[in-house]
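In this note's numbering, the protein residues as written are 7 to 617.
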């Protein structure tokens, strides 16, 4: 039997589990693992500037391509605690990443040794498993189980903590005979599929809600096939955006209290049956007023995690199944029903969803200076085509992006949906661009998100990772300011100050152009909306030419309220800005605005859009 260090065995296992890239920061307690990364070879590595950044790079890497598992590596103590946010983000969105940490020697774990912390206990609540390996011979089995857990059932992250003496100990291990464990995913039965479609047959205005589980299962093709077979419109959740192209005639928009379309909410409120596949009924989708969301509708819920069924509200029928397995059966049963002439004709209902799409639109075309944010997204739609992959996290910038941008393919909207940590965007964009360098990446940040982990731009410069980063700057914590309005305060959310080194930018404070250029990337500042398109086009060309990120900073008006519900009710959305009433008001909308119908429809949409 071959003999090698446990660290070398760990690297060999990563390779045989399909890992080709890792992100991390070396340190004393993890150096034996790094030595084997070099000696064994076969896994490239990106050196992050912050260990949290490495964990978000791993997330972006996983999310960009089906089958990927991002790996982040750090030393003991604070490296592990720095990666907790990445683990929380990953488990919240069902993203498998592997976190490997170094640790103090086994004999020192109870002696308060330097940088010794019980990271396994700390990480337990935000992982599927977190293990400190105390015996070197267990390293292969622990890692084999880690990959099995990450891929089985609801995907999620795992942490493996390796004491330095465990890494250095020689063990017997034969890489040539190593095999990954079979992946377990629950699958719907034929009887369950038939019962689920029985609800559909009884419906008049059905909808499919496609969640992130559809994308995780790489099941977008059967989703679209099922929708086309039955003629049932599809609502995507924020995490499921891209499962069906935005311009597909059965794409009915998004629903929610923030990241939603006027037409999506209006269509949902007209529905009488909802088939949810791979979704969690997250509160940004349903709102907190569940009566408004559920009243008058029957629900079938399909989720890979059995305990998700009934977690938010009790469906009329629940199926514990991988989204791909369930959709495959739904397609099979639907084909038989269609051949027997038993599928209802939902064409009038589907047509009504497209009518709403053409009439209930928000305005994007404003010529104001400073720039209104809606205009930024309009220009992004013009500049970036259907091949673009967007990466963003949280804030008014993300909410507005979901209302105005267009996504045409799965994994082309990479968003930290539940955790929403500031600073996530830059490292996640680096991870996504590393995983799939052939797909153009456009990141989107508000000024605060951009500043949180701005040092990671140097990583992209060092490793020649090009992408375009759109930065919308209003020198405000915009989403928190808008949330505080309901409490009658505007407190500790102002970021403005007069920068004595850059007086020309007034109260916008941080000179992001200088900082970005100092970190080795290119940057452009835009203050006139008429120049946005030119700047985005130049950024696209520079990213290709210089092979580094290019930041386009748009100086926004200080205060813009983005449409959302003040009452967390999908039927009660406040529209703070002028709505589109003429085609020129929303020139990049998926469907051209039908102005006359928009006015008529607007009179009927009071319960969806209340000013």
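From the three backbone atoms N, C-alpha and C, an ideal C-beta is built for every residue, glycine too.
Candidates the options: closest to residue i by CA position
i: residue 577; options: 402, 477 and 298; result: 298
i: residue 585; options: 372, 243, 80 and 110; result: 372
i: residue 412; options: 35, 267 and 589; result: 267
i: residue 212; options: 357, 563 and 345; result: 357
i: residue 327; options: 313, 151, 317 and 340; result: 313
i: residue 361; options: 122, 471, 255 and 149; result: 255
i: residue 3; options: 379, 419 and 464; result: Outside the displayed range of the chain (7 to 617) lies residue 3, so it cannot be described from this structure.
i: residue 474; options: 427, 152 and 527; result: 527
i: residue 207; options: 494, 519, 339 and 430; result: 339
i: residue 409; options: 506, 367, 421 and 191; result: 367
i: residue 554; options: 462, 491, 236 and 564; result: 462
i: residue 445; options: 415, 529 and 145; result: 415
i: residue 483; options: 559, 417, 567 and 543; result: 567
i: residue 97; options: 129, 117, 116 and 31; result: 129
Reduced DSSP secondary structure (H/G/I, E/B, other) of residue i
i: residue 90; result: helix
i: residue 257; result: strand
i: residue 136; result: strand
i: residue 226; result: helix
i: residue 117; result: coil
i: residue 201; result: helix
i: residue 237; result: coil
i: residue 570; result: strand
i: residue 316; result: coil
i: residue 72; result: coil
i: residue 279; result: strand
i: residue 531; result: strand
i: residue 169; result: strand
i: residue 551; result: helix
i: residue 604; result: No answer about residue 604 holds up, because its pLDDT of 49 lies below 50 and its placement is not dependable.
i: residue 651; result: As shown, the chain starts at 7 and ends at 617. That puts residue 651 outside it, with no answer to give.
i: residue 396; result: strand
i: residue 503; result: strand
i: residue 10; result: strand
i: residue 206; result: helix
i: residue 179; result: coil
i: residue 514; result: strand
Straight-line Cα distance separating residue j from residue i
i: residue 51; j: residue 60; result: 10 Å
i: residue 539; j: residue 386; result: 8 Å
i: residue 440; j: residue 181; result: 27 Å
i: residue 395; j: residue 133; result: 27 Å
i: residue 617; j: residue 581; result: Only weak support is given to the placement of residue 617: the predicted model assigns it a pLDDT of 45, under 50, and the question is left unresolved by the model.
i: residue 384; j: residue 561; result: 15 Å
i: residue 10; j: residue 47; result: 14 Å
i: residue 164; j: residue 141; result: 18 Å
i: residue 123; j: residue 95; result: 21 Å
i: residue 348; j: residue 320; result: 28 Å
i: residue 239; j: residue 280; result: 10 Å
i: residue 22; j: residue 202; result: 39 Å
i: residue 234; j: residue 283; result: 16 Å
i: residue 167; j: residue 65; result: 19 Å
i: residue 230; j: residue 455; result: 34 Å
i: residue 545; j: residue 429; result: 21 Å
i: residue 39; j: residue 77; result: 13 Å
i: residue 604; j: residue 365; result: Legend: pLDDT at residue 604 = 49, less than 50; position of this residue unreliable, value from coordinates given subsequently. Their backbone Cα atoms lie some 4 Å apart in a straight line.
i: residue 569; j: residue 303; result: 25 Å
Neighbour-count burial assignment, residue i, 16 or more Cβ in a 10 Å radius
i: residue 273; result: buried
i: residue 186; result: exposed
i: residue 342; result: exposed
i: residue 26; result: exposed
i: residue 458; result: buried
i: residue 294; result: exposed
i: residue 615; result: Residue placement at residue 615 is flagged as unreliable, the pLDDT there being 48, under the threshold of 50; the coordinate-derived value follows with that caveat. Residue 615 should be labelled buried.
i: residue 160; result: buried
i: residue 259; result: buried
i: residue 503; result: exposed
i: residue 316; result: exposed
i: residue 535; result: buried
i: residue 149; result: buried
i: residue 612; result: Bear in mind that a pLDDT of 49 at residue 612, under 50, signals an unreliable position, so the model cannot answer this.
i: residue 531; result: buried
i: residue 183; result: exposed
i: residue 18; result: buried
8 Å Cβ cutoff, residue i in contact with chain B
i: residue 578; result: Among the chains in the structure shown there is no chain B, since it carries only a single protein chain.
heavy atom of the ligand ATP below 7 Å from residue i C-beta
i: residue 143; result: Within the structure as shown, the ligand ATP is missing, as the structure has no ligands at all.
Ordered list of alpha helix (DSSP H) runs contained in the region 264-311, each at least 4 residues: Taking 4 residues as the shortest admissible run, the region 264-311 contains the following complete alpha helix (DSSP H) segments, listed from N- to C-terminal end: 268-276, 289-292 and 296-300.
In chain order, each beta strand (DSSP E) run of at least 3 residues that lies wholly inside the region 421-494: 447-452 and 474-479
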